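Only one structure is covered here, and it is reproduced in the block below.
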Amino acid sequence: MAYADFLTALMAFFLLMWLVSGVSPDARSAIAAKFKLREVASAPLSINPVPAEATNLYSLLTLTDALRKAGDSVILTAEPDGVRVDLVDTSGRPLFQSASGALTDEGRALVAATAQTLAPLPNRLSIEGHTDAFSLTRDGYSNWELSSDRANEARRLLEAGGVAPERIRSVSGLSDTQPLDPGQPHLAQNRRISVKVHLGAAT
69 MAYADFLTAL MAFFLLMWLV SGVSPDARSA IAAKFKLREV ASAPLSINPV
119 PAEATNLYSL LTLTDALRKA GDSVILTAEP DGVRVDLVDT SGRPLFQSAS
169 GALTDEGRAL VAATAQTLAP LPNRLSIEGH TDAFSLTRDG YSNWELSSDR
219 ANEARRLLEA GGVAPERIRS VSGLSDTQPL DPGQPHLAQN RRISVKVHLG
269 AAT
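What follows is the structure, given as structure tokens:
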């Protein structure tokens, strides 16, 4: 360590000691409790870390032109068992026709871009349809049916775009049970298609 670096570190140490000396014992206990809470909150991350394979897959998907051009209509999330690609409804780019499983022209173009990205990959896929928390007024047709229709519409377009049918592991409608933001279940972004790209090739 250079002498100047040593002096800088020493000054920082004495400054920290001076600041701590002016804090009451109760305040020190409160600060210590906050650090303990942070350790507890971060514990699950060490139990289910994101593996290198998922990180590499995430990096690959973020570099594809088709998804990058979609901007905030696509949300990528690395998870312990793969990467989630959320195609979300935004005010400037609605994915779905109102209260319908049918995609808009913008939605069809976004799913086609996703198919272009995923078609060359060997990974298995799971497709989920989601809705916001607004209830439908049609008898016998709830958000469960709506989300299932959206998931199957996405499946058909993905297959038409070159994704092999045998790679699709599941297709499900989850209604409004998994909002992107649990505190805002009526948010437009909750109306979405979620494509999970699983780790490992389809067999």
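Residue numbers (the working numbering): 69 to 271.
Note that beta-carbon positions come from the ideal geometry of N, C-alpha and C, so glycine has one too.
Computed from a predicted structure; not experimentally measured.
Spatial neighbours of residue i in its chain, beta-carbon cut-off 8 Å, leaving aside the 5 residues before and after
{"i": "Lys104", "result": "Low per-residue confidence applies at Lys104: pLDDT is 38, beneath 50, and the placement is therefore not dependable, though the value from the model is reported in the following sentence. So the list is empty, once near-sequence residues are dropped."}
Cutoff 7 Å; reference residue i; Cβ partners in own chain excluding five residues on either side
{"i": "Pro253", "result": "Asp200, Ala201, Asp244, Pro247"}
{"i": "Ala138", "result": "Leu178, Ala181"}
{"i": "Glu227", "result": "Pro233"}
Cross-strand partners of residue i (DSSP beta bridge)
{"i": "Arg260", "result": "Val156, His198"}
{"i": "Ala146", "result": "Val151"}
{"i": "Ala269", "result": "Asn191"}
Residue j beta carbon less than 9 Å from that of residue i
{"i": "Glu221", "j": "Ala270", "result": "no"}
{"i": "Ser238", "j": "Ile195", "result": "yes"}
{"i": "His45", "j": "Ser141", "result": "Because the chain spans 69 through 271 in this model, residue 45 falls outside it and cannot be assessed."}
{"i": "Glu147", "j": "Ala122", "result": "yes"}
{"i": "Leu129", "j": "Thr205", "result": "no"}
{"i": "Arg136", "j": "Thr145", "result": "no"}
{"i": "Val265", "j": "Asn191", "result": "yes"}
Sequence-distant residues of its chain with Cβ nearer than 6 Å to residue i (five each side left out)
{"i": "Leu225", "result": "Val179"}
{"i": "Asn211", "result": "Thr199, Ser243, Asp244"}
Exposure of residue i, with buried meaning 16 or more beta-carbon neighbours within 10 Å
{"i": "Ser166", "result": "exposed"}
{"i": "Ala101", "result": "Note that Ala101 scores 42 on pLDDT, short of 50, meaning its location in the model is unreliable; the coordinates nonetheless yield the value given after this. Exposed, because fewer than 16 other Cβ atoms sit within 10 Å of the Cβ of Ala101."}
{"i": "Ser114", "result": "Interpretation of Ser114 is limited by its pLDDT of 43, a score under 50 that renders its predicted location unreliable; no figure is taken from the coordinates."}
Checklist line | the stretch 229-237 touching the stretch 155-164, judged by at least three CB pairs closer than 8 Å | finding: no
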